[in-house]
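Here's the structure we're looking at; comments come further down.
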Amino acid sequence: MTPTSAPAPPPPISLPAPELLTGVLHQLADTSVPGAQKVGLVEGATADEVGQLDKFAKAMVDNGYAPLAFTASEITWSDTMAGNVTADITARSENPAKPETFTFPMEFKPSVGNWQLSRKTADLLLALGDAARPTAAPPR
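Residue numbers (our numbering): 36 to 175.
This is how it looks when you write it as structure tokens:
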């Protein structure tokens with residue numbers, strides 16, 4: 036008889052409801068939420084990044100995409116970070132002049148009874164980290 040490996044036990048918490056994950060994104064995209072209050076929404080964010088957090092919401096307003104509606108689907112446990120979850124997040128502008136949608140796989144980390152956007156996802160989505168580094172235009 037050869038030994039077989041049993042599947043890893045599930046994490047001790049349940050998968051989050053979609054609203055918990057989209058709530059993080061709604062707050063990040065809301066210009067009425069001060070950047071200082073957004074720091075807790077992103078894993079490892081610091082007071083030095085308040086300006087970058089505010090820029091994301093301001094850019095959505097300035098470019099006519101605000102307000103944004105978010106939906107989360109395909110919520111699963113992360114394959115790479117134990118305890119984190121991944122979800123396909125779709126953002127849609129509620130401005131009829133900007134009917135575009137954007138879907139992106141995002142990772143979230145549990146944090147004191149709530150969820151945070153993972154640092155990895157935040158760095159990709161919000162251009163946190165090296166603010167001086169120029170970013171390339173997305174491929175078309």
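Just so you know, even glycine gets a beta-carbon here, dropped at the ideal spot from N, CA and C.
Q) So, helix, strand or coil for Met-95, using DSSP? A) Numbered from its first residue, the sequence shown carries residue 95 at position 60. In this structure, Met-95 counts as helix in the three-state DSSP scheme.
Q: Write down every uninterrupted run of the alpha helix (DSSP H) in the region 52–77 whose length is 4 residues or greater and which is fully enclosed by it, in chain order.
A: 53–63, 70–73
Q: Confirm, please, whether the CB-CB distance from Leu-152 to Phe-139 is below 9 Å.
A: The residue labelled residue 139 in the question sits at position 104 within the sequence shown. The residue labelled residue 152 in the question sits at position 117 within the sequence shown. No, the Cβ-Cβ distance between Phe-139 and Leu-152 is not below 9 Å.
Q.
For Asp-154 and Ala-104, what's the separation of their Cα atoms in angstroms?
A. One-based indexing of the sequence shown puts residue 154 at position 119. One-based indexing of the sequence shown puts residue 104 at position 69. Here residue 154 turns out to be Arg, not Asp, going by the sequence shown. Cα to Cα, the separation comes out at about 22 Å.
Q.
Let me make sure I understand the geometry here. Which of Ala-80, Ala-107, Gly-86 has the alpha-carbon closest to that of His-61?
A. Residue numbering aside, residue 61 sits at position 26 when the sequence shown is read from its first letter. Per the Cα distances, Ala-107.
Q. Any idea if Val-147 is buried or exposed, counting beta-carbon neighbours within 10 angstroms, 16 or more meaning buried?
A. As a first step, residue 147 must be located in the sequence shown, where it is residue number 112. Counting Cβ neighbours within 10 Å, Val-147 comes out exposed, since fewer than 16 surround it.
Q. Since Leu-159 is in the alpha helix (DSSP H), which residue starts that stretch and which ends it?
A. Residue 159 sits at position 124 when you count from the first residue of the sequence shown. Element bounds for Leu-159: 154–161.
**Q.** Ala-132, buried or exposed, once every other Cβ within 10 Å from all chains shown has been counted against 16
**A.** The residue you call residue 132 lines up with position 97 of the sequence shown. With fewer than 16 Cβ atoms within 10 Å of its Cβ, Ala-132 is classed as exposed.
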